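Structure record follows, encoded as structure tokens.
Protein chains: 2
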Amino acid sequence: MNAPASAQPFLPPTQSRPVPTTLLDDLKLRFGAQFSTAQVVREQHGRDESAFSLPPPDAVVFAQSTQDVADAVKLAARHKVPVIAFGVGSSLEGHLLAVQGGISIDVSRMNQVLAIHAEDLTAKVQPGVTRKQLNEAVKSTGLFFPIDPGADATLGGMAATRASGTNAVRYGTMRENVLALEVVTAQGEVIHTGTRAKKSSAGYDLTRLMVGSEGTLGIMTEVTVKLYPLPEAVMAATCSFASLADAVNATIQIIQLGVPIARCELLDAKTIRMVNTHSHLSLQEAAMLLMEFHGSPANVQEQVETVQAIAAEHGGQAFEWASTPEARTKLWTARHNAYFAGIQSRPGCRAITTDTCVPISHLADALLDSVREAEQSGIPYFLVGHVGDGNFHMGYLIDPDSETERATAEQLNTQLVQRALKLGGTCTGEHGVGLHKMGFLEEETGAGAVAMMRRIKQALDPDNILNPGKIFTLC
Amino acid sequence: MNAPASAQPFLPPTQSRPVPTTLLDDLKLRFGAQFSTAQVVREQHGRDESAFSLPPPDAVVFAQSTQDVADAVKLAARHKVPVIAFGVGSSLEGHLLAVQGGISIDVSRMNQVLAIHAEDLTAKVQPGVTRKQLNEAVKSTGLFFPIDPGADATLGGMAATRASGTNAVRYGTMRENVLALEVVTAQGEVIHTGTRAKKSSAGYDLTRLMVGSEGTLGIMTEVTVKLYPLPEAVMAATCSFASLADAVNATIQIIQLGVPIARCELLDAKTIRMVNTHSHLSLQEAAMLLMEFHGSPANVQEQVETVQAIAAEHGGQAFEWASTPEARTKLWTARHNAYFAGIQSRPGCRAITTDTCVPISHLADALLDSVREAEQSGIPYFLVGHVGDGNFHMGYLIDPDSETERATAEQLNTQLVQRALKLGGTCTGEHGVGLHKMGFLEEETGAGAVAMMRRIKQALDPDNILNPGKIFTLC
Chain A
1 MNAPASAQPF
11 LPPTQSRPVP
21 TTLLDDLKLR
31 FGAQFSTAQV
41 VREQHGRDES
51 AFSLPPPDAV
61 VFAQSTQDVA
71 DAVKLAARHK
81 VPVIAFGVGS
91 SLEGHLLAVQ
101 GGISIDVSRM
111 NQVLAIHAED
121 LTAKVQPGVT
131 RKQLNEAVKS
141 TGLFFPIDPG
151 ADATLGGMAA
161 TRASGTNAVR
171 YGTMRENVLA
181 LEVVTAQGEV
191 IHTGTRAKKS
201 SAGYDLTRLM
211 VGSEGTLGIM
221 TEVTVKLYPL
231 PEAVMAATCS
241 FASLADAVNA
251 TIQIIQLGVP
261 IARCELLDAK
271 TIRMVNTHSH
281 LSLQEAAMLL
291 MEFHGSPANV
301 QEQVETVQAI
311 AAEHGGQAFE
321 WASTPEARTK
331 LWTARHNAYF
341 AGIQSRPGCR
351 AITTDTCVPI
361 SHLADALLDS
371 VREAEQSGIP
381 YFLVGHVGDG
391 NFHMGYLIDP
401 DSETERATAE
411 QLNTQLVQRA
421 LKLGGTCTGE
431 HGVGLHKMGF
441 LEEETGAGAV
451 AMMRRIKQAL
461 DPDNILNPGK
471 IFTLC
Chain B
1001 MNAPASAQPF
1011 LPPTQSRPVP
1021 TTLLDDLKLR
1031 FGAQFSTAQV
1041 VREQHGRDES
1051 AFSLPPPDAV
1061 VFAQSTQDVA
1071 DAVKLAARHK
1081 VPVIAFGVGS
1091 SLEGHLLAVQ
1101 GGISIDVSRM
1111 NQVLAIHAED
1121 LTAKVQPGVT
1131 RKQLNEAVKS
1141 TGLFFPIDPG
1151 ADATLGGMAA
1161 TRASGTNAVR
1171 YGTMRENVLA
1181 LEVVTAQGEV
1191 IHTGTRAKKS
1201 SAGYDLTRLM
1211 VGSEGTLGIM
1221 TEVTVKLYPL
1231 PEAVMAATCS
1241 FASLADAVNA
1251 TIQIIQLGVP
1261 IARCELLDAK
1271 TIRMVNTHSH
1281 LSLQEAAMLL
1291 MEFHGSPANV
1301 QEQVETVQAI
1311 AAEHGGQAFE
1321 WASTPEARTK
1331 LWTARHNAYF
1341 AGIQSRPGCR
1351 AITTDTCVPI
1361 SHLADALLDS
1371 VREAEQSGIP
1381 YFLVGHVGDG
1391 NFHMGYLIDP
1401 DSETERATAE
1411 QLNTQLVQRA
1421 LKLGGTCTGE
1431 HGVGLHKMGF
1441 LEEETGAGAV
1451 AMMRRIKQAL
1461 DPDNILNPGK
1471 IFTLC
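In the order they appear, the protein sequences are chains A and B. In case it helps, our numbering puts the first sequence at residues 1 to 475. In case it helps, our numbering puts the second sequence at residues 1001 to 1475.
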């Protein structure tokens, strides 16, 4: 399959806009020790988990308050200099890279849990709070925050990329779980979107417009999210299958039957091998579903029985249970480390990661052909999937110095994305467009939708200072 | 409590923009029998369930296809004449009223269910399909569409107002249940937003931006929604309480415990009396919760036991069960007719309807004081509530010829809204802003958020032809 020109992955330009010395002086004056132009600090803020290598931002501001963010944006706006929000740098798609230079606004010190409204199942946090930190903070209330993209990402970064992860099949994504935001606009003004009410029809849904806008429409300075009662009973299990197809078809049936499964994750045999090596485990090296069930004890039991029957129909065997918190933590840590296990399986490599999501009935078509193509290419890869959502990731483990390997991996990704689009899916289920999926957005949504996005961007950020050069080009 | 000027309900201007004869000629030429300027047709398209009386639109186009909508918009755009989408006219907030004149585009003939993807739990419909029609169409698949605002509204209208209703406490609102849209823009172009994938991070969330935009950013011509497996067991029940406070406090506890109740509705004693008269029933004339439980038989049983225990703690009595479809239909028909029962209780009246939604812990504060104020006013009213969501409606039943009654009702609504906003809630949980809540939007969201909405509107519809004069003023 040859990719048409429109679907080529985007190669970011590296032409920086000029950053006047007067701006750096003004920032230094305003922020003192919270401001740095040191090479090492800039470089820390100039790379993420993508396979792109680009020059770092010109300077870094360590914001400690909404006012800090607003002031930094206002100063940069005066000189039309880019500003890029930075959390913990766990983006996989180049979101935080300074493709046009500019100022990185690091919000990791804005890490206060501002309010826990246990009585309303909501919490308000600063954008630098990570998901683990939030869960630690609400532990004593009997509530939890379910969204779990694997990395201990910040809530700001997760909201900005519309992240999801292993629990989304039951609890939804950041789209469903962010209730309200405080946002600094391109003009350095502070606005509020949404309320703590569970539902609202009050005007345009600015909350959902900001969620997933990848820092291009505003910088989030407060995030109000939903919490959920900790389930009375939790049961995790692994189940091995003779083939990937069997595991995928079992998943499809689980979802079609409406089983309210909390997590339904796929790993292939190769990836299990990597995980075993990395985490010193002895999981059976076969296609495997990792599942978790939440509910009352009786309800969990019902779900388990249904899923066992479905798995058996597809030759599933070796059900292994993890009912204690320790056993579950071990299992999910292994799953979360799959990415790093993959990276470590080939020293010096970088991962080019895929992120398609398709309607559940097409999951087998989307996944199995992609695996076949990867096998034929000879490029090492790992495969993990939030398959309950129709979303899976292949990580092509390339030698970053080999242009051939990079081109092969990009070609594999292009074929995989085009297959997903033909099946009614999306090029990115949860990572965001960033730089890496820019070449696919128009093919997915059509030129009209991208033109509408451009008009919104130009209306809200006429000087294009908010994380420029991401999601789509402006011309 | 005196309302500040900023929170006065909006009084719509009635200055029409000129509609040139050439436009009417062009529309007649293009649409033939699908076009009408007959007074009776215009008047049918110039009123809804709100208490406003305004001049009707200048003409009506009966669209039968996306191309019809696009062509009508293009012709109107040439003369900068307003276009207003019309479904079945069940808006409660004046959404479809021609405050600046213009062309009503009636989409009720675009009533085809275009695709049912039972294997993916999705359906694609034209905007004139009603919720009952969709449920009829999917009945044989074992799936259903849960969003139920009471009226048999069109899916287009429900999406445009971000509607919800009785099932939202478990299944969410149109915000959570619209996956993708086809939309005609202000330029008459056809764009697509979203895919059938369950989740996506591909660019700005234009789907959610359109949902709830009340026809001011585009006219929906296709709506793709989620479906759900029909629950294995369904049980409905009513429970009476000695006081409104007891019923509300029981509700708060049900939600805080995370019971996955499907419906949790409140009616007060007065409203029950109206419903009994209207529907020839003999429900106990006391504050009552109407509830519905979905799940497996065992799971429903668990929910019922939990809720019974909570209700008992709050003095709930006379639990009455409706487990057959017929008994449930009777119960919910009575609930859905509460609005009309209210209207008929005072011949010749119009209802001024409230729609606040607050964080669940504040529901008692929001509701009980509002009832007290209504009692003191002497204006007759009905009270129904999607209380599981923190959302309730009072309908002040006014003599439309009495300016005193209208002013009193508006003052009651203003006090009720301001109370909800102070409690962290919204002026509209599900009806939309339309005309009637325009005076409250800025107080709820702040001037910055409204300014951002304006910039988006001006960017996408620079000539302000899409349902102008709704949600916010442009200057």
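Quick reminder that beta carbons are idealized off the backbone N, C-alpha and C, glycines included. These numbers were taken from a predicted model, which means no experiment stands behind them.
For H393 (chain A), no Cβ of chain B is located within less than 8 Å of the residue's own Cβ. For L1331 (chain B), there is no enclosing beta strand (DSSP E); the enclosing alpha helix (DSSP H) covers residues 1325 to 1336. For I1456 (chain B), at least one C-beta of chain A is nearer than 8 Å to its own C-beta. Interface flag for L209 (chain A) against chain B is set, since a Cβ pair is found closer than 8 Å. For H1192 (chain B), the residues of chain A that pass the 8 Å Cβ criterion are T445, G446, G448, A449, in the order they occur in the chain. For H1117 (chain B), the three-state secondary structure derived from DSSP is strand. An exposed status is given to H1280 (chain B), since fewer than 16 other beta-carbon atoms sit within 10 Å of its beta-carbon.
Its Cα nearest to that of T21 (chain A), the residue A:H79 stands out among A:Q64, A:H79, A:Q253. For E1189 (chain B), the chain A residues whose Cβ falls inside 7 Å of its Cβ are G448, in order along the chain. When C-beta distances to chain B are compared with 8 Å, the residues of the region 174 to 186 of chain A below that value are R175, E176, T185, in chain order. Along the region 1286 to 1300 of chain B, going in chain order, the ones with a CB nearer than 9 Å to a CB of chain A are G1295, S1296, A1298, N1299. Taken through DSSP and simplified to helix, strand or coil, L397 (chain A) comes out as strand.
Contact between T353 (chain A) and A366 (chain A) does not hold, since the beta-carbon distance rounds to 16 Å and is not under 8 Å. A check of alpha carbon separations from D1463 (chain B) across B:D1246, B:A1076, B:P1149, B:T1173 identifies B:A1076 as the nearest. Take G1157 (chain B), set aside five residues on each side of it, and the residues of its chain with a beta-carbon closer than 6 Å to its own are G1087, in chain order. By the neighbour-count criterion, in which 16 or more other beta carbons inside 10 Å mark a residue as buried, T324 (chain A) falls on the exposed side. Excluding residues up to 5 positions away in sequence, D152 lie with their Cβ nearer than 7 Å to the Cβ of K132 (chain A) in the same chain.
Contact annotation: in the region 348 to 379 of chain A, residues whose CB is within less than 9 Å of a CB in chain B are D355, T356, C357, V358, P359, I360, S361, H362. Where H280 (chain A) is concerned, there is no enclosing beta strand (DSSP E), because DSSP gives it neither an H nor an E.
When 7 Å is used as the limit between beta carbons, S1200 (chain B) is near these residues of chain A: C357, T426, T428, G429, in chain order. For the 8 Å CB-CB criterion, P1359 (chain B) and L1441 (chain B) do not form a contact. As computed with DSSP, K124 (chain A) is found in a beta bridge with A:A115, A:T224. In the structure shown, Q317 (chain A) adopts extended strand secondary structure according to DSSP, grouped into three states. Contact check for K1199 (chain B) against G439 (chain A) fails: the beta carbons are separated by 8 Å or more. The region 1150 to 1222 of chain B contains, as complete beta strand (DSSP E) runs of 3+ residues, the segments 1178 to 1184, 1190 to 1193 (chain order).
Between L1121 (chain B) and L1227 (chain B), the beta carbon gap of about 5 Å places them in contact (Cβ cut-off 8 Å). For S1243 (chain B), the closest alpha carbon among the candidates B:R1109, B:Q1317, B:T1445 is that of B:Q1317. For E1313 (chain B), no CB of chain A lies under 8 Å from its own CB, so it is not counted at the interface with that chain. Here E1189 (chain B) has A1070 as same chain residues with Cβ atoms under 8 Å from its own Cβ, once five neighbours each way along the sequence are excluded. Annotated three-state conformation of E442 (chain A) is helix, per DSSP. Per DSSP, M288 (chain A) is one residue of the beta strand (DSSP E) stretching across 287 to 295. Cβ neighbours of N1391 (chain B) within its own chain (closer than 6 Å, five residues either side excluded): C1357, G1429. Restricting attention to B:V1223, B:T1173, B:L1383, B:Q1301, the CA atom closest to the CA of T1130 (chain B) is found in B:V1223. Using a 10 angstroms sphere on the CB of T1185 (chain B), the tally of other CB atoms reaches 16 or more, which defines it as buried.
In the displayed model, H1362 (chain B) falls within a helix according to three-state DSSP. Here DSSP, grouped into helix, strand and coil, assigns G390 (chain A) to coil.
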